[in-house]
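Enquirer: One structure, as structure tokens, below. Some questions next.
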Amino acid sequence: MRARYALGKSISGILFAGLAATGCTTAAKAPTPSTRTSSIIKPTAAKVTYNYTTRDRDCLKRAMYFESEHADRDGYMAVGTVVMNRLTSPAYPDTICEVVAQERQFAPGVMTRTVDATAGPELDSAVDGILRGQRHPGVQNAMFFHTEGLKFPYRNMHYVVEAGGNVFYEKRGRDGALQTPAPLPAYEVAMNYVSDPRLSGSVQFAGVQPFTTSAQIDVLLPEKGPIPKAMPDVAATLAPDSTTTSAIPAAAPAAPDIVMPPEGAPIALPTPRPAYNSAGLASGHLPTGG
860 MRARYALGKS ISGILFAGLA ATGCTTAAKA PTPSTRTSSI IKPTAAKVTY NYTTRDRDCL
920 KRAMYFESEH ADRDGYMAVG TVVMNRLTSP AYPDTICEVV AQERQFAPGV MTRTVDATAG
980 PELDSAVDGI LRGQRHPGVQ NAMFFHTEGL KFPYRNMHYV VEAGGNVFYE KRGRDGALQT
1040 PAPLPAYEVA MNYVSDPRLS GSVQFAGVQP FTTSAQIDVL LPEKGPIPKA MPDVAATLAP
1100 DSTTTSAIPA AAPAAPDIVM PPEGAPIALP TPRPAYNSAG LASGHLPTGG
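Numbering (this note's numbering), first residue to last: 860 to 1149.
Shown next as structure tokens:
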């Protein structure tokens, strides 16, 4: 009885010690697989491509030169931005030359006067920048400007910037909305050079529709993970057994050279073996003899 009591007491002590040890220690968490962050790529808006010719480039150059009073690159870029804003607005023509040559819009003689050759490098750089998508940051959506220092009583003239001796403005209503159809932002416009004047002004819309951009999120992807096992028949088809190897047949040994006996030598012929009697095989009696 005492032995049974002692045994029960010992077992109780062991269980208590185990529970106490469990409460004082923390089991180590299983290591989690390392992860890497993959960002979802934001879709870009579709671009609208406008064709332009050498003549269109010359018209843009003339407007930038004469309207900015051949001042500096800042003035060139401001006027060039206005030309592009008009080109991409539904309220104006579809070619650069038609925009610049529109009646009573730009300086008189802008299409006929001579551009000073000394303005070439800086002016050409500004023209090429406009055609590549650069814009004057202060012009924004402005499609109008006038010589600096003039005053007009119109309340819809919303001034945005001064550059190259001109002040640039947007026409906005009392509610602040543009009164002229807004131009396309520069990142949605692509200029494509064509040598055929008949293609000037044709507008090409990208085949991909514009996307609505949303907030960028990060997706956690496991670096390593369990690989599901294939079904037996699929595994047998796709993956050969790693324990077996394909035996490559060995090359057949070369046939030995046939040695012919000397002429006149006796030739030994093999003695044929006697045929076994199937009846004798069945009865257990085998023939004797050589």
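No residue lacks a Cβ here, since even glycine has one placed at the ideal position from N, Cα and C.
Under 7 Å Cβ to Cβ from residue 1038, same chain only, skipping five residues before and after it: list those, please.
Expert: Same-chain partners within the cutoff: 1015, 1030, 1031 and 1032.
Enquirer: Output yes or no for whether 9 Å exceeds the beta carbon distance between residue 998 and residue 907.
Expert: No; because the gap between Cβ atoms is not below 9 Å, this pair is not in contact.
Enquirer: Starting from residue 832 and walking both ways along the alpha helix (DSSP H), at which residues does that stretch end?
Expert: The question about residue 832 has no answer here: the residues shown for the chain are numbered 860 through 1149.
Enquirer: Among all the DSSP beta bridges, which residues are the ones paired with residue 1011?
Expert: Paired residue(s): none; residue 1011 is not in a bridge.
Enquirer: Give the DSSP-derived three-state secondary structure of residue 1000 in the structure shown.
Expert: Coil, per DSSP.
Enquirer: Which first and last residues belong to the beta strand (DSSP E) in which residue 985 is found?
Expert: Counting along the chain, residue 985 falls outside any beta strand (DSSP E), though it belongs to the alpha helix (DSSP H) covering 979 to 990.
Enquirer: Our contact map puts residue 925 next to residue 969 with C-beta atoms below 8 Å; I'd like the distance itself, whole angstroms only.
Expert: Contact flag correct, Cβ pair sits at about 5 Å.
Enquirer: Going along the chain, which residues of its own chain have a beta-carbon closer than 6 Å to the beta-carbon of residue 918, five neighbours each way excluded?
Expert: Result list for residue 918: 955, 956 and 959, in chain order.
Enquirer: Can you tell which of 931, 1035 and 905 has the C-alpha that lies nearest to the C-alpha of residue 982?
Expert: Answer by Cα proximity: 931.
Enquirer: What is the rounded straight-line gap between the Cα of residue 1058 and the Cα of residue 1012?
Expert: When rounded, the distance between both Cα atoms is 42 Å.
Enquirer: Can you give me the C-alpha to C-alpha distance between residue 911 and residue 1017, rounded to a whole angstrom?
Expert: Distance between the alpha carbons of residue 911 and residue 1017 is about 31 Å.
Enquirer: Whole angstroms is fine: what's the gap from residue 963's alpha carbon to residue 905's?
Expert: Those two C-alpha atoms are separated by around 34 Å.
Enquirer: May I have a chain-ordered list of the beta strand (DSSP E) segments no shorter than 3 residues that lie completely inside the segment 1012 to 1045?
Expert: You should have 1016 to 1022 and 1025 to 1030.
Enquirer: Would the beta-carbon of residue 1008 fall within 9 Å of that of residue 938?
Expert: Not in contact: residue 1008 and residue 938 (Cβ atoms no closer than 9 Å).
Enquirer: Consider the Cβ of residue 930: report whether some Cβ of chain D lies at a distance smaller than 9 Å.
Expert: Checking the listed chains, one finds no chain D in this structure; it contains a single protein chain.
Enquirer: Just the C-alpha distance for residue 1046 and residue 975, rounded to the nearest angstrom, thanks.
Expert: Roughly 32 Å between the two C-alpha positions.
Enquirer: Considering only the alpha carbon of each residue, which of 1001, 1019 and 921 lies closest to residue 948?
Expert: Checked all of 1001, 1019 and 921; the closest Cα to residue 948 is 1001.
Enquirer: Can you look up residue 943 in the DSSP assignment and give me helix, strand or coil?
Expert: It is helical.
Enquirer: Kindly indicate which residue of 935, 1043 and 1044 has the alpha-carbon position closest to the one of residue 978.
Expert: The shortest Cα separation from residue 978 among 935, 1043 and 1044 belongs to 935.
Enquirer: Let me confirm a value: residue 894 is counted as buried when at least 16 other C-beta atoms fall within 10 Å, else exposed. Which label applies?
Expert: Confidence in residue 894 is poor, its pLDDT being 41 and thus under 50, which makes the residue's placement unreliable; the coordinate value appears in the next sentence. Exposed.
Enquirer: Tell me which same chain residues have a C-beta within less than 6 Å of the C-beta of residue 1056, skipping the five on either side of it?
Expert: Once the five neighbours on either side are set aside, the close Cβ partners of residue 1056 are 912.
Enquirer: Rank 1010, 1050, 996 and 1051 by C-alpha distance to the C-alpha of residue 941 and give the top, closest one.
Expert: The option with the nearest alpha carbon to residue 941 is 996.
Enquirer: Helix, strand or coil, according to DSSP, for residue 951 in the structure here?
Expert: It is coil, neither helix nor strand.
Enquirer: Tell me which residue opens and which closes the beta strand (DSSP E) that residue 1050 is part of.
Expert: Counting along the chain, the beta strand (DSSP E) containing residue 1050 begins and ends at 1048 to 1052.
Enquirer: Excluding sequence positions up to five away, which residues of its chain have a Cβ less than 8 Å from the Cβ of residue 1021?
Expert: Here the set comprises 1007 and 1027.
Enquirer: Distance check for residue 944 and residue 1043, CA to CA, integer angstroms please.
Expert: Whole-angstrom Cα-Cα distance: 7 Å.
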